[in-house]
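Here's the structure we're looking at; comments come further down.
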Amino acid sequence: MTTKRKAVALISGGLDSMLAAKVVLDQGVHVEGLNFFTGFCVEGHTHAIRKKKGGARRNNALWVAERLGIKLHIIDVVQDYKNVVLNPSHGYGANMNPCLDCKGFMVGRAYQWMLDNEFDFIITGEVIGQRPMSQRRDTMPVIARESGAFDRLLRPLCARALHPTLPQREGWIDVAKLPSFGGRSRKPQIALAESLGFDDYAQPAGGCCFLTNSAYSSKLQDLWSARGERDYELDDIMLLKVGRHLRPRPHFKVIIGREEGENRFLRGYRHEFVSLSPTSHRGPTALVDGGASPDDMELAAQLVARYSQGRDAERVALEMTTPDGETRELHVSPIAPDDVPVEWHV
Amino acid sequence: MSNHELDVRRLLCPMPVIRTQDRVKHLADGDRLDVTFTDPGALHDIPTWARINGHRIVSIAEGDEESTVVIEVGTGKASYER
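Going down the list, the protein sequences come from chains A and B. When we follow our numbering, the leftmost residue of the first sequence carries the number 53, and every step to the right adds one. When we follow our numbering, the leftmost residue of the second sequence carries the number 735, and every step to the right adds one.
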């Protein structure tokens, strides 16, 4: 009797990782999924924070696992991932994205999981030439080597163009039955998805990590600059995903909700920050991050009033609440748009 | 069989799912876990996670500010989880 081989698949929720797992499943391999939560994932959080009319708020990694009929294990790697973001040995991409170190880290964690759970090999949805940093012919061996996975790392979507790995050599996988993708075009993946009956999947390529986003990267660098150190906690990087960030003075910034979902999210931080909410008009919830003087607080209130429905009123009343629950009413004139320099927008 | 509670209010997905997953690992088949959360995304994610991992959803109570899902731990655990 032949042993049923077991593979652990990195499942991002996107198209490539879904297809990679599917083509291996179809060869009779037992597959389970791993999804790593770094804190920078676009998946899940922004869907949760932002109010959407009628839109599905699904987690795509879970949705993919259900479509494939496999288990999914979501792993919290927020603390361990810090070193990847702060000290990437291969540097950053166009923004603050340490893609090569990130992939090596994730495959390394998957390799450890594989050993702990007596699985045989690892699957990723990587495609040669798809990404400028981590998915190149010359960097793929780096990931296999630095993760420790070596030839137990199978990239099913482009394995035919790579050196044979253990699953191929041992006959666990028939490489001739695998697709052979390469380059940045998405058309072959979309065609394969259609042929496999997948008519719905997350928008492919590139959008899964906030660190690839220039606006988000700017906010992260601003945070480090204002604090004088390169470090973060989960709440820090979560708040960078939410609201307008305006820094009128080097020592404080104001985070202003853009819609009800963000306001609700920001209200959850009222016990950690001074918060401001208009009371005379409908308007956003805002947090003040940093040591603001009474004059600074007046300016913050003027900014919040500017984004309320009282923006054209002479005076707007706001409630200021301290982290220990003390409240005070402020009455301010909304700041004029021309008095908000573009440099204040982080 | 016993009943357990998990409070993951204020956490955003996927943290409610991760906390649920980690708690269920330490429960026995047939145990029930009441998970209370504020992230509306968890209304979809926790039941999906439970289904694909072999657990049963007993009830879902959706509220304006917070919601609760009751899970019965199933026998669908992989062997390495037992």
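Just so it is clear, CB atoms sit at the ideal spot from N, CA and C, and this is done for glycine as well.
| Asked | Found |
| --- | --- |
| Residue 187 of chain A - partner residues in DSSP beta bridges | A:183 |
| Contacts around residue 737 of chain B, its chain only, beta-carbon distance under 6 Å, and the 5 residues preceding and following it disregarded | 766 |
| Rounded separation between residue 748 of chain B and residue 779 of chain B - CA only | 8 Å |
| C-beta contact flag for residue 349 of chain A and residue 326 of chain A at 9 Å | yes |
| Nearest residue (CA-CA) to residue 267 of chain A, options A:293, A:277 and A:284 | A:293 |
| Given 8 Å, three or more beta-carbon pairs between the region 198-218 of chain A and the region 155-166 of chain A | yes |
| Bridge-paired residues (DSSP) for residue 297 of chain A | A:307 |
| Helix, strand or coil at residue 372 of chain A according to DSSP, with G and I counted as helix | strand |
| Range covered by the alpha helix (DSSP H) that runs through residue 199 of chain A | 192-199 |
| Given residue 80 of chain A as reference, the closest of A:225, A:211 and A:146 once Cα atoms are compared | A:225 |
| Alpha-carbon to alpha-carbon, residue 208 of chain A and residue 141 of chain A | 27 Å |
| Neighbour flag for residue 809 of chain B against chain A, beta carbons, 9 Å | no |
| Neighbouring residues, chain A, relative to residue 802 of chain B (Cβ below 8 Å) | Those within 8 Å of residue 802 of chain B in chain A number zero; the least Cβ separation is about 17 Å. |
| Bridge-paired residues (DSSP) for residue 274 of chain A | Residue 274 of chain A pairs with nothing; no bridge assigned. |
| Whole-Å CB distance - residue 254 of chain A paired with residue 121 of chain A, under 8 Å assumed | About 18 Å; that fails the 8 Å criterion. |
| Three-state class that DSSP yields for residue 816 of chain B in the structure shown | Here residue 816 of chain B scores only 42 on pLDDT, less than 50, and its place in the model should not be relied on; the value that follows carries that caveat. Residue state, collapsed to three classes: coil. |
| C-beta atoms of residue 752 of chain B and residue 126 of chain A nearer than 9 Å | yes |
| Under 8 Å by beta carbon: chain A residues contacting residue 787 of chain B | 123 and 124 |
| Residue 72 of chain A at chain B interface by Cβ criterion, 9 Å | no |
| For residue 819 of chain B, three-class secondary structure by DSSP | Past the boundaries of the shown model lies residue 819 of chain B; chain B is included only from 735 to 816, so the question cannot be answered. |
| Which of helix, strand or coil DSSP assigns to residue 779 of chain B | helix |
| Proximity test, Cβ basis, 9 Å: residue 226 of chain A and chain B | no |
| Which residues DSSP lists as bridging residue 125 of chain A, in chain order | A:86 |
| Cross-chain neighbours of residue 110 of chain A in chain B, by beta carbon under 9 Å | 775, 778, 779 and 782 |
| Cβ of residue 770 of chain B within 9 Å of any chain A Cβ | no |
| Residue nearest to residue 155 of chain A in terms of C-alpha spacing, selected from A:220, A:87 and A:167 | A:87 |
| Cβ of residue 735 of chain B within 9 Å of any chain A Cβ | no |
| Cβ contact (3+ pairs, closer than 8 Å) linking the region 300-313 of chain A and the region 331-344 of chain A | yes |
| Cβ-based neighbour list, residue 384 of chain A, same chain, cut-off 8 Å, excluding 5 preceding and 5 following | 350, 353, 354, 357, 367, 368 and 370 |
| Chain B contact for residue 93 of chain A (CB, 9 Å cutoff) | yes |
| DSSP-derived helix/strand/coil call for residue 754 of chain B | helix |
| Cβ pair residue 286 of chain A, residue 130 of chain A closer than 9 Å | yes |
| Nearest-angstrom Cα separation, counted from residue 774 of chain B out to residue 174 of chain A | 33 Å |
| Rounded C-alpha distance that separates residue 139 of chain A from residue 153 of chain A | 9 Å |
| Test: residue 791 of chain B CB closer than 9 Å to a CB of chain A | no |
| Nearest residue (CA-CA) to residue 77 of chain A, options A:57, A:182 and A:295 | A:57 |
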